[in-house]
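Read through the structure below, which is laid out as structure tokens, and then see the notes.
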Amino acid sequence: MAGHCNFMYPFYHLPFSHVSERIAHLPPLFGMAGYEVEESEVFFAWEDFEAPEVGLPEVGVEVVGGWRDRVATFGPGVVLHAQRGENSVGECEVVWIGSEEWRPALKDWCFCTSLDLDEGLQGKGLGKHMLARGLRAARDRGLRHAMISTDWNNHRAYLFYTNFGYGFLDRTFSFRKELKEARQAGAV
Amino acid sequence: MEIVPFRPDMAEGVTRLYNELIEPVPDCHPVPVDRFASVEALASTRLRDERLVVALHDGEVAGFAHVGVALPVEHYPVPTGEPAAVRFLGYRPGQRAVGRRLLEWAEEYARQQDRGTIEAWHYFARYPFYHCPWGQLSERMAHIRALFGMAGYAEADDGQLYFNWHDFDPPKPQKPVIELELKPEWKEGPLGPRMDLRAMQGETELGMCRMDRGQTSPSPEAQDWCYCDGMWVQDELQGKRLGMLLLVCALREMKKAGCRHAAISTSWKNYRAALFYTNLGYRFADQTYGFRKELAE
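Those protein sequence lines, which keep their order, are chains A and F. Going by the numbering used here, the residue at position 103 of the first sequence is 103; the numbering climbs one at a time, nothing skipped. All you need for the numbering used here is the position in the second sequence, starting with 1, plus 188.
Structure follows, in structure tokens:
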């Protein structure tokens with residue numbers, strides 16, 4: 001496995017990023033050596049974003065949450081949950097990606113690290129509501145630019161983000177090769 | 189919103205939309221309104237029964253689609269089976285309903301033409317002024333790519349990588365390991381002057397590198413460019429760095445002729461070529477994609 005985001009340097013590129021297509025002499029190196037593309041994450045950016053007002057659709061949920069000092073392994077950011085009774089049926093995280101010391105150029109940027117809804121709630125406008133609300137909360141904290149990413153083959157998310165206001169930024173690849181004979185542990 | 193056949197009075201709205209859409213695409217130049225003067229003016233010799241339709245929203249151009257049916261053409265890599273072809277399909281980000289309606293219209297057209305397959309953004313059918321000669325849909329027009337993905341189109345496996353090299357500075361050529369003579373030949377090409385550099389051994393052609401001066405635009409800054417439209421080397425001479433010699437010498441010839449920037453493209457699957465170009469000095473600029481869908485009855 002090569003170039004996979006799980007094993008990347010923390011200061012390289014963005015969360016979930018594999019090898020950028022802009023480092024263009026690397027993918028053909030792996031290709032020549034018999035590696036296959038394993039995963040592909042695509043990044044979108046929206047400079048000076050303007051998150052629209054999107055009403056909460058009538059799907060029997062309420063959306064709660066706000067700014068937190070820490071979001072998962074990232075820095076500060078917005079965490080929103082869609083609640084149905086006691087259950088969380090969706091979440092949206094928009095982190096201040098520029099808070100990390102190795103990203104000084106991104107100090108005004110936020111990154112949506114998670115936008116997940118239970119399957120039955122997709123396609124009803126709830127995701128739009130939550131993302132718009134998450135972005136507005138980030139904007140209230142002074143963040144001006146936004147990024148987001150998805151798998152290259154997640155056409156629904158791709159269509160959503162590109163029509164919401166984000167534009168294409170970068171495509172990244174990870175590579176995989178099955179080695180013929182893995183040596184036994186301890187073998188010389 | 190309504191979908192209507194293109195009329196000349198829509199040329200301004202269509203041109204404005206086209207220029208907006210290609211704005212983020214590297215080395216793709218805006219066009220003047222006369223490019224969209226009529227369907228006849230845009231017609232391709234590689235297609236029949238072309239149609240250009242416009243999506244009007246409150247009387248304004250909100251999108252357009254241009255389709256035709258592929259003709260078999262000699263000496264050109266053509267899609268098999270003479271499919272219906274989408275030459276261009278554009279809508280503004282945020283108006284996905286417009287895009288969807290246009291794509292549905294294009295598929296209905298394909299059925300009316302009795303085509304079981306529809307190709308989109310194949311370089312076979314591209315507008316001659318769009319992107320590079322092998323350009324398909326640029327990844328920068330991401331909302332259009334998303335539309336085709338959602339509608340069940342598969343990516344064609346010959347997606348093109350497009351590289352450029354600003355202020356290119358080719359290295360000194362190394363002495364070839366076999367005896368040969370390099371012969372440049374200048375003529376008129378599709379973009380501007382064209383130079384074919386041949387590696388000759390007596391009467392035998394060992395390899396060739398083709399350079400076109402200019403990009404797919406008459407604008408002055410496009411004339412500072414050269415585009416390598418193809419190169420080949422005899423199979424039995426592969427690995428003797430003859431390709432390197434040809435490309436380096438062709439670049440030097442173009443630089444001598446006044447070109448400042450260079451561009452080249454290759455299939456994503458052609459790792460050898462991509463490795464060669466990126467290590468010579470070209471940099472990644474864009475990736476383009478074609479799409480194909482088999483239509484149900």
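For glycine and all other residues, C-beta sits at the position ideal for the given N, C-alpha and C.
Burial is judged here by how many other beta carbons sit within 10 angstroms of a residue's own beta carbon; Phe464(F) has at least 16 and is buried.
Cβ neighbours of Gly377(F) within its own chain (closer than 6 angstroms, five residues either side excluded): Asp400. Taking all protein chains shown into account, Met1(A) has fewer than 16 neighbouring C-beta atoms within 10 Å of its C-beta and is therefore exposed. Secondary structure at Trp67(A): strand, using DSSP grouped into helix, strand and coil.
Burial check for Pro15(A): the Cβ neighbour count within 10 Å reaches 16 or more, so the residue is buried. The three-state reading of DSSP puts His145(A) in strand, counting E and B together.
Chain-ordered listing is empty here: chain A has no CB closer than 7 angstroms to the CB of Leu205(F), the nearest sitting near 16 angstroms.
In the DSSP assignment, Arg460(F) falls within the unbroken alpha helix (DSSP H) covering 459-468. Within the stretch 47-78 of chain A, contact with chain F at the beta-carbon level (separation under 8 angstroms) is assigned to no residue. Assignment of beta-bridge partners to Glu369(F) by DSSP yields Met388(F). Excluding the 5 residues flanking it on each side, His449(F) has same chain C-beta neighbours closer than 6 angstroms at His354, Asp412, Trp413, in chain order.
Around the beta-carbon of Thr203(F), 16 or more other beta-carbon atoms lie within 10 Å, marking it buried. Residues of chain A with a Cβ closer than 8 angstroms to the Cβ of Gln475(F) are, in chain order, Glu21, Arg171.
Excluding residues up to 5 positions away in sequence, Met198, Gly201, Val202, Leu205, Val242 lie with their Cβ nearer than 7 angstroms to the Cβ of Val249(F) in the same chain. Following the DSSP letters along the chain, one finds Trp293(F) inside the alpha helix (DSSP H) bounded by residues 284-300. Within 8 angstroms of the CB of Ala45(A), no CB atom of chain F is found; the nearest one sits about 11 angstroms away. Boundaries cannot be given for Phe7(A), as no alpha helix (DSSP H) includes it and DSSP labels it neither H nor E. Cβ-Cβ separation between Val274(F) and Ala308(F): approximately 4 angstroms, consistent with a contact (criterion under 8 angstroms). Of the candidates Gly85(A), Asn153(A), Gly127(A), the residue whose Cα lies closest to the Cα of Gly55(A) is Gly127(A). Note on geometry: alpha-carbon atoms of Leu259(F) and Gln301(F) lie some 13 angstroms from one another. Below the 8 angstroms Cβ cutoff, chain A contributes Asn153, His155, Tyr158, Leu159 as neighbours of Gly337(F), in chain order. With the rule of 3 Cβ pairs closer than 8 angstroms, the stretch 232-247 of chain F does not count as touching the stretch 335-351 of chain F. The residue from His217(F), Gly304(F), Glu296(F), Leu325(F) with its alpha-carbon nearest to that of His310(F) is Leu325(F). The way I'd put it, the stretch 383-394 of chain F doesn't touch the stretch 402-409 of chain F; fewer than three beta-carbon pairs between them come closer than 8 angstroms.
Taking the Cα positions, Asp140(A) is about 17 angstroms away from Val71(A).
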